[in-house]
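Residue numbers (our numbering): 122 to 218.
Cβ atoms here follow ideal geometry from the backbone N, Cα and C, with glycine treated the same way.
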């Protein structure tokens, strides 16, 4: 009974967090397009972030912690995407935000 209550309580938070993550990734994409970053650079940043984020989310789910796996995976995905654009392409972070 407790497990079912926890899942019912956690689902709205997971949906809210995933929607915020999608909004953040869209903002990052539109910012990268706005500063005329090449499509190859944008796809490389998202590829690096999404692959790593999915791997972390899968490992979290396999270890029976899906909420923390999704949270950590989404955070790492966004952080690596921003990090690649800022560090890998030497774009000032002020241009993104």
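Using a Cβ-Cβ cut-off of 7 Å (strictly less than) and excluding sequence neighbours within five positions of residue i, which residues of its own chain qualify?
i, result
"residue 189", "181"
"residue 85", "Since the first and last residues shown for the chain are 122 and 218, residue 85 lies out of range."
"residue 153", "163, 206"
"residue 187", "181"
Would you mind giving the Cβ-Cβ distance between residue i and residue j, rounded to the nearest angstrom? I have them listed as a contact below 8 Å.
i, j, result
"residue 218", "residue 169", "Their Cβ separation, rounded to whole angstroms, is 20 Å, which puts residue 218 and residue 169 out of contact at 8 Å."
"residue 173", "residue 147", "Residue 173 to residue 147, Cβ: 19 Å. No contact."
"residue 195", "residue 134", "Not really, about 12 Å apart at Cβ, beyond 8 Å."
"residue 210", "residue 158", "7 Å"
"residue 156", "residue 212", "7 Å"
Helix, strand or coil, according to DSSP, for residue i in the structure here?
i, result
"residue 101", "Past the boundaries of the shown model lies residue 101; the chain is included only from 122 to 218, so the question cannot be answered."
"residue 186", "coil"
"residue 159", "coil"
"residue 218", "coil"
Residue i: which of the options sits nearest, CA to CA?
i, options, result
"residue 140", "187, 155, 191, 183", "191"
"residue 175", "216, 193, 208, 136", "193"
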